[in-house]
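Residue numbers (numbering that gives the first Met the number 0), protein chains in the order written: chain A, 0 to 249; chain B, 0 to 249; chain Y, 0 to 249; chain W, 0 to 249; chain X, 0 to 249; chain F, 0 to 249; chain G, 0 to 249; chain V, 0 to 249.
8 protein chains.
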Amino acid sequence: MRRLLEQVASGSLGAAVALERLRHLPFEDLGFAKVDQHRALRRGVPEVIFGEGKSAAQIAAIGARVVASGANLVITRLEPKKARELRRRLRAVIYHPEARLGVIVKRRPTPRGHGIVLVMSAGTSDLAVAEEAALCAELFGNAIERLYDVGVAGIHRLTANLERVQAAAVLIVAAGMEGALPSVVAGMTDKPVIAVPTSVGYGTAFGGVAALLGMLNSCASGVTVVNIDNGFALINRVGIARAGIAGERP
Amino acid sequence: MRRLLEQVASGSLGAAVALERLRHLPFEDLGFAKVDQHRALRRGVPEVIFGEGKSAAQIAAIGARVVASGANLVITRLEPKKARELRRRLRAVIYHPEARLGVIVKRRPTPRGHGIVLVMSAGTSDLAVAEEAALCAELFGNAIERLYDVGVAGIHRLTANLERVQAAAVLIVAAGMEGALPSVVAGMTDKPVIAVPTSVGYGTAFGGVAALLGMLNSCASGVTVVNIDNGFALINRVGIARAGIAGERP
Amino acid sequence: MRRLLEQVASGSLGAAVALERLRHLPFEDLGFAKVDQHRALRRGVPEVIFGEGKSAAQIAAIGARVVASGANLVITRLEPKKARELRRRLRAVIYHPEARLGVIVKRRPTPRGHGIVLVMSAGTSDLAVAEEAALCAELFGNAIERLYDVGVAGIHRLTANLERVQAAAVLIVAAGMEGALPSVVAGMTDKPVIAVPTSVGYGTAFGGVAALLGMLNSCASGVTVVNIDNGFALINRVGIARAGIAGERP
Amino acid sequence: MRRLLEQVASGSLGAAVALERLRHLPFEDLGFAKVDQHRALRRGVPEVIFGEGKSAAQIAAIGARVVASGANLVITRLEPKKARELRRRLRAVIYHPEARLGVIVKRRPTPRGHGIVLVMSAGTSDLAVAEEAALCAELFGNAIERLYDVGVAGIHRLTANLERVQAAAVLIVAAGMEGALPSVVAGMTDKPVIAVPTSVGYGTAFGGVAALLGMLNSCASGVTVVNIDNGFALINRVGIARAGIAGERP
Amino acid sequence: MRRLLEQVASGSLGAAVALERLRHLPFEDLGFAKVDQHRALRRGVPEVIFGEGKSAAQIAAIGARVVASGANLVITRLEPKKARELRRRLRAVIYHPEARLGVIVKRRPTPRGHGIVLVMSAGTSDLAVAEEAALCAELFGNAIERLYDVGVAGIHRLTANLERVQAAAVLIVAAGMEGALPSVVAGMTDKPVIAVPTSVGYGTAFGGVAALLGMLNSCASGVTVVNIDNGFALINRVGIARAGIAGERP
Amino acid sequence: MRRLLEQVASGSLGAAVALERLRHLPFEDLGFAKVDQHRALRRGVPEVIFGEGKSAAQIAAIGARVVASGANLVITRLEPKKARELRRRLRAVIYHPEARLGVIVKRRPTPRGHGIVLVMSAGTSDLAVAEEAALCAELFGNAIERLYDVGVAGIHRLTANLERVQAAAVLIVAAGMEGALPSVVAGMTDKPVIAVPTSVGYGTAFGGVAALLGMLNSCASGVTVVNIDNGFALINRVGIARAGIAGERP
Amino acid sequence: MRRLLEQVASGSLGAAVALERLRHLPFEDLGFAKVDQHRALRRGVPEVIFGEGKSAAQIAAIGARVVASGANLVITRLEPKKARELRRRLRAVIYHPEARLGVIVKRRPTPRGHGIVLVMSAGTSDLAVAEEAALCAELFGNAIERLYDVGVAGIHRLTANLERVQAAAVLIVAAGMEGALPSVVAGMTDKPVIAVPTSVGYGTAFGGVAALLGMLNSCASGVTVVNIDNGFALINRVGIARAGIAGERP
Amino acid sequence: MRRLLEQVASGSLGAAVALERLRHLPFEDLGFAKVDQHRALRRGVPEVIFGEGKSAAQIAAIGARVVASGANLVITRLEPKKARELRRRLRAVIYHPEARLGVIVKRRPTPRGHGIVLVMSAGTSDLAVAEEAALCAELFGNAIERLYDVGVAGIHRLTANLERVQAAAVLIVAAGMEGALPSVVAGMTDKPVIAVPTSVGYGTAFGGVAALLGMLNSCASGVTVVNIDNGFALINRVGIARAGIAGERP
């Protein structure tokens with residue numbers, strides 16, 4: 000609340016909005032948000048802050064509150080420069096540059112031991128998105144393996160890893176350009192394949208649209224798709240799907 | 000093979016293509032396809048024929064071979080008129096008009112009993128796609144429940160079913176027009192939500208594109224999406240996901 | 000006119016254009032614009048300057064003329080840096096950073112007391128657009144309430160505010176990403192809902208197009224839509240709609 | 000319920016769907032739908048059936064139930080041939096061919112007398128959509144006037160009607176092709192303008208998209224837009240907006 | 000010329016157009032077209048008629064002239080019904096239904112014996128386009144092999160044919176849906192790959208656009224692309240490319 | 000040629016390209032370009048340099064050559080900073096900032112006196128494009144009038160200028176946003192209207208696409224359209240059209 | 000008026016619309032339309048009826064009124080079957096099948112003799128659109144020449160006609176597919192080129208969009224463009240442009 | 000490997016990714032990559048590094064390894080500033096600024112002497128893409144000729160070079176804007192034409208989409224197309240196609 004008033008004082012927040020936020024505050028504190036934090040503590044599920052478009056100061060403020068509650072913390076879409084600034088304010092943050100993630104792990108999630116989530120990427124340029132998905136899934140207590148740079152232009156790289164592909168319980172496949180990898184992978188396994196189109200490419204790649212269309216039209220059944228470059232959208236549910244595999248009571 | 004020669008004789012197939020098919024035949028008979036049928040028998044997983052663009056005669060011919068092998072059979076995208084014609088040739092087919100599916104069940108799949116796949120639809124017009132998904136999932140041994148006509152314009156219809164939504168292990172949500180239902184549902188549960196955009200709507204619905212975009216941009220995490228009107232693409236994997244939940248060994 | 004000649008002298012305006020403007024001037028002075036100012040004074044309706052693409056000097060010049068006439072003034076799309084520069088030239092301007100609005104209120108508009116215009120937003124990122132709409136509507140003499148961050152992914156935040164939603168006379172709903180909020184809101188009230196798509200989102204949000212399509216295809220009747228991020232387009236008419244509700248003689 | 004069983008018997012409905020509908024029935028009968036009918040009776044608001052994609056038999060069945068409850072009935076998107084078939088089953092239906100509407104008025108809505116809803120069209124080809132909007136608004140108790148074929152290519156037709164335009168309390172403007180009429184109309188009045196893009200045009204009209212974009216980008220403030228060819232979406236809210244003007248208690 | 004006058008007489012051709020055609024005639028007869036026929040005779044290259052949008056009578060008339068000159072003839076996009084009608088007028092036509100081609104071969108093109116053009120298709124639905132390409136290339140004197148139904152969802156079907164793929168001198172690859180096959184094939188060979196997107200698919204396949212984008216963005220270098228469903232556009236040049244391989248003097 | 004060698008020396012041009020240019024040079028000097036300069040001198044038609052993407056040095060070099068030949072010179076798309084730099088190298092250049100044009104007039108084109116080319120703009124933001132068209136047309140010897148800021152949202156500004164509109168021989172109309180002005184103007188005159196869509200607008204203006212579509216779908220006959228922001232494309236032909244009006248012998 | 004009442008009686012027109020039309024009638028009779036007819040008579044300019052979407056009966060009714068007034072008549076987009084039906088009702092109509100035009104010429108327009116309008120087409124499939132433009136321009140008193148089937152794939156056909164191209168005063172160029180012809184033509188002449196994209200093509204031709212984009216991006220200056228397949232939109236203005244060339248007083 | 004550890008130490012690479020890369024390393028060193036280098040040495044085919052998005056340090060590290068192996072090296076998409084930095088680290092690099100290529104040639108490829116690859120461009124702005132294609136093809140041992148700035152707006156520039164066009168064995172044609180050049184060129188030769196759309200243009204050029212569509216819809220047969228601005232994708236295959244022409248054993 001003081002932060003709110005300070006923002007009003009500094010002119011970075013108008014009075015009307017501040018008023019509205021005050022009205023909203025009790026609801027957030029006592030209702031939905033608290034429950035979320037309780038759930039996080041009980042299950043070791045981290046709280047997630049979407050870092051893009053927030054200042055390091057804002058992230059630090061929210062993050063400190065989360066950490067104080069004892070929950071784990073994940074900050075997504077965190078650029079290196081902002082990460083450095085954030086670490087000056089919140090020293091416990093560990094930064095994973097290739098995934099653009101900041102992380103504070105207070106309680107290591109207990110690995111559930113019921114199979115592997117295999118995170119794959121077509122090219123090295125898709126690594127940021129793949130790593131974002133991999134690290135997040137890991138923080139939710141899944142056993143993760145990585146298989147990168149196995150794009151379809153060199154199919155032998157993929158077939159040489161057939162056993163690892165077939166051993167996985169769930170497969171997350173990031174690919175840009177023509178986005179063909181999930182189709183091929185889905186043809187090699189009968190496990191669920193989640194395709195993540197990336198904005199890698201140029202010209203008619205249209206910022207990931209070509210990859211997205213390729214994945215939606217996959218000739219292999221069972222491929223489901225998320226938004227372009229959306230490694231973090233899977234955070235909660237992949238974890239939960241894995242939990243489900245473990246037979247855990249929700 | 001005789002059928003092939005007959006087609007050549009009747010002029011509905013050129014000689015070159017027939018030749019190619021002959022060359023291909025042993026591969027299909029002894030290799031991939033047979034394994035598939037074995038797998039189907041061993042696991043009770045039905046064989047699937049995509050009915051659109053095939054004649055009743057073609058479907059009957061392929062279907063007879065599948066049935067002879069002892070496997071269950073599903074024919075998708077089967078229009079009523081073609082279904083009637085098919086039943087004259089393959090009497091065991093049971094037709095589900097609202098799902099446009101033809102089915103022959105030789106061995107009932109054993110229900111695995113590990114939770115519900117809840118199939119939801121926003122409007123009654125989305126029913127064909129939703130039923131296609133529901134019936135297919137059922138044939139793969141999943142326990143299915145349906146919750147139809149719970150679109151977001153009457154949110155009380157949805158909140159009145161909150162318990163059923165939260166009790167489900169996996170949720171398949173079909174919606175056309177603005178495609179908002181999966182977002183709302185995903186906010187009510189922490190289980191995986193698979194969104195199926197339908198081509199229902201007019202004007203700027205653009206044949207399902209508006210719904211697809213709505214689902215890809217879902218503000219709720221964990222929503223994955225398939226192609227427009229694509230109820231049948233989920234056949235194998237939803238079944239397998241359910242199997243996974245049951246802890247079955249692949 | 001001297002400003003015109005100065006611009007020609009400084010080379011920032013060509014002679015031909017200056018000539019054209021001179022020819023145009025009497026029309027502007029004695030015709031249309033004057034009537035507008037009269038109307039503004041008579042009704043307390045503020046004059047509006049679209050701030051984007053104009054320099055602080057240009058805004059100050061136009062603004063000074065408006066203020067001199069006794070009318071209220073609103074400057075839309077005013078970035079913080081330009082606002083600071085403007086305040087050095089036109090000290091009476093009060094800046095609302097979250098709405099990107101600069102305002103000079105000479106005569107407070109008399110609240111008409113005939114019901115609430117409820118301005119809603121799906122996420123905190125939609126706040127700039129929502130605040131722009133809210134402040135403008137307020138300056139036109141409407142009683143405004145705000146209900147922010149009630150996106151459909153947490154539907155309980157919305158149902159918890161059902162009474163406020165149903166008590167409103169008109170609802171302005173800003174949402175980005177999948178733009179589903181107006182559909183849900185329109186299902187909870189029988190009052191007019193004006194949907195404002197925002198450019199919030201990434202990937203297939205396509206800068207607000209996904210939200211726009213979602214709103215145009217709303218399954219709830221009675222939703223009308225404006226251009227992306229267009230909070231200020233509603234300025235005149237929402238005021239007048241409210242006036243209409245009050246039974247005022249036009 | 001008997002109809003349901005008959006459908007199952009005739010094979011036009013699968014058993015699973017029938018089961019689901021049965022489960023749904025009490026909810027519909029005792030809950031939401033009944034309230035709607037009560038509301039309709041109390042306020043004279045007609046029940047609306049979307050006619051496209053429903054058979055005459057289906058429309059007749061639903062319509063008979065509505066009429067039995069005493070409410071007024073509107074059937075939208077009703078093609079002439081289907082209308083003739085419907086009238087054989089539900090003789091009270093009056094058909095408006097130019098609006099593709101079927102109507103049964105049990106209780107004439109009391110005109111409220113608080114100003115005119117002016118329905119305008121750019122060309123004669125936009126008439127179907129305009130008439131749909133006009134007749135619906137009328138059935139909700141609004142005083143309607145029509146001003147057709149006043150497209151911007153002959154601007155004198157519009158300026159010759161300036162008084163009628165300025166006398167209206169709300170303006171609904173249907174236009175296809177370049178969709179410029181709402182912009183011009185909104186510049187002639189300070190009342191709310193609702194723009195309805197129609198699919199009239201060819202080539203780059205793209206089935207109404209050009210008109211839609213034209214309306215969304217209207218240079219005149221206060222224009223709100225609905226989906227292409229969407230005359231009926233306005234049914235409830237225009238009525239209610241008018242009610243609001245009358246100061247009626249909801 | 001008599002045909003022209005008859006058309007005018009029957010009213011199927013206006014006088015002005017007839018006049019224009021007359022003026023044009025000598026040019027066509029003595030100039031460009033004749034040279035073309037000479038070239039065809041000299042090199043065994045067939046004349047090609049685009050069959051879509053022409054009546055059987057028109058095709059027969061043009062075809063008779065070609066055949067009279069001694070050249071081979073190919074009619075593309077010839078639907079079965081029109082083919083039957085054509086054969087009544089031009090009995091020498093042999094119809095290839097799966098490629099929608101009509102053919103009259105007066106002089107068998109001498110096989111050049113310098114390597115194989117391998118025509119591949121992803122699915123059986125892409126067969127029409129693939130066959131069109133294969134038959135045309137054959138008529139230009141190339142040695143053709145076919146490899147059909149080797150889509151990427153069952154990658155073992157493709158790797159099992161690795162030797163045939165690598166033995167080919169040029170590869171023409173037809174694929175619909177996500178269009179991934181050319182990328183994989185191009186990664187298995189260092190020979191030129193010409194990708195032909197087909198309109199096979201539904202929903203977001205957008206009539207072949209998804210496949211086209213997938214091919215243009217192929218992660219494997221050396222893939223060039225033609226228009227959707229454009230099997231016949233390759234007619235001349237594939238022949239000539241083959242000729243080039245043979246070291247023939249042009 | 001020395002410049003070429005200097006570029007090679009400085010490393011800003013590769014040897015291969017230089018070689019190619021040398022081979023090309025005689026053709027340019029003796030063939031096409033010379034004729035062009037002759038034509039320019041003979042008819043007073045200026046030479047045009049597209050300034051965007053060229054350095055001030057490059058423009059100065061080409062421009063000096065043109066001026067030396069005695070022809071008039073127009074440089075389009077010349078940004079202020081580059082203009083200042085250019086004037087240091089080529090002092091005779093007169094810069095028109097609002098049209099982004101640099102001009103050297105060696106021989107004033109004789110006004111032909113056969114009617115007015117009226118250049119109109121919808122808003123002040125469309126001025127750059129309109130001025131570009133106006134100045135260019137003037138340099139080709141046309142009598143130009145300007146009528147700016149007469150967008151359709153205030154139709155009285157347009158009707159107040161009806162006489163000027165109807166007195167013009169040709170009308171060039173620049174408009175952004177919904178691009179409706181050309182439709183209205185074309186309805187007020189029976190002279191040719193050339194519509195120039197501008198990229199003015201935001202959101203669904205899509206950088207001028209909405210205006211372009213509006214113009215292509217103009218309900219008034221006789222509107223022809225050019226590319227977005229393309230004021231200079233009209234340079235030659237508007238001049239020539241005017242010449243035609245004057246009855247000049249080509 | 001009797002026709003109106005008859006339509007009401009027959010049920011093909013609703014009472015409300017009839018009422019509206021009655022109110023509109025005096026305006027049409029005494030105002031705008033009459034002036035139009037006067038103008039047509041005075042200048043020999045034909046009245047134009049857009050035939051698409053009107054019944055033969057409707058066209059006959061309107062046409063009879065026009066003919067009675069003494070003006071010439073053009074009916075555009077008139078399909079053969081409707082033309083036959085129309086000729087039974089309005090025997091004076093002469094039908095031009097290749098242009099889909101029906102024509103009644105009461106007073107031959109006096110040829111003005113000031114140069115040729117050359118109508119060109121890229122392929123024979125573009126003929127319908129080209130003929131529509133040619134015949135209409137002719138009916139407005141222009142001297143027309145035709146140059147068909149001179150697409151850029153056989154550039155010698157075009158260069159062989161260089162003199163005719165350069166002799167023309169105005170050039171109308173219809174082309175589908177890639178729409179390249181206008182660019183090449185505009186490079187061969189310094190006269191105005193009006194490009195008409197046609198919907199000829201398939202796949203990525205997107206119903207004329209590819210041709211339209213090609214024309215808008217023409218590398219030759221001075222090309223202006225109209226809507227796809229829009230041969231008739233040029234009717235009035237090409238005629239008037241020609242008139243202008245003749246020096247006629249408006 | 001040391002580099003990897005250094006990256007981890009410096010924080011520019013996360014530990015998890017480093018681990019993954021280590022696991023991957025033996026595969027790369029002993030398997031695929033080595034073979035590639037062997038192949039390169041054996042055939043004189045250069046190794047290619049895609050320079051965009053890699054730092055000069057990264058390029059230098061990879062490049063040094065390639066050069067050490069004795070193979071030739073090509074770095075594509077190398078901006079001038081990065082090239083300067085690269086040359087400080089890898090002095091043997093020769094930079095071709097107009098093609099944005101860096102090259103190290105250890106073994107000059109033996110010219111095969113079997114005909115010319117003619118690289119053409121429509122305008123000077125397409126030069127970067129054309130040069131990229133030309134230089135790459137040259138490094139693969141092809142005899143290259145260039146023919147630049149021969150766009151269709153001045154068709155005489157092209158016809159004046161007819162002999163060079165017809166003498167070429169393969170033609171690579173780069174063009175932006177309307178992309179018409181490949182259509183015209185393909186009509187002048189019977190050799191394969193590879194069209195490269197460039198992003199040159201503005202407004203509706205849509206960054207190369209207009210050119211791409213123009214090329215895909217080429218009215219001349221035998222045109223194949225690659226991605227926008229994709230000069231380097233042709234590297235391997237054009238070389239190999241040329242090799243094929245030479246009759247070389249693969």
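Note that beta-carbon positions come from the ideal geometry of N, C-alpha and C, so glycine has one too.
Here's the rule I'm using: 16 or more other beta-carbon atoms within 10 Å means buried, otherwise exposed. How should residue i be labelled?
i: P79/A; result: exposed
i: L161/Y; result: exposed
i: R87/X; result: exposed
i: G54/V; result: A small correction: the amino acid at residue 54/V is Ser; Gly does not occupy that position in the sequence shown. Label assigned to S54/V: exposed.
i: I93/X; result: exposed
What three-state label does DSSP hand residue i in the structure shown?
i: S120/X; result: strand
i: V102/G; result: strand
Pull up the CB-CB distance for residue i and residue j, whole angstroms please, since I reckon it's below 8 Å.
i: L138/W; j: N71/W; result: 6 Å
Taking only runs of the alpha helix (DSSP H) that begin and end inside the stretch 132-198 of chain G, which ones reach a length of at least 4 residues, in chain order?
154-158, 161-166, 180-185
Short of 8 Å Cβ to Cβ, which residues in the stretch 116-135 of chain V face chain F?
Within the stretch 116-135 of chain V, the residues whose Cβ lies closer than 8 Å to some Cβ of chain F are S124, L126, E130, A133, L134, listed in chain order.
Taking the runs of the alpha helix (DSSP H) that are 4 residues or longer, which of them lie wholly in the stretch 52-100 of chain V?
55-67, 79-88
Residues of the stretch 200-217 of chain W whose Cβ lies closer than 9 Å to any Cβ of chain F, in chain order:
G200, Y201, G202, T203, A204, F205, V208, A209, A210, L211, L212, G213, M214, L215, N216, S217
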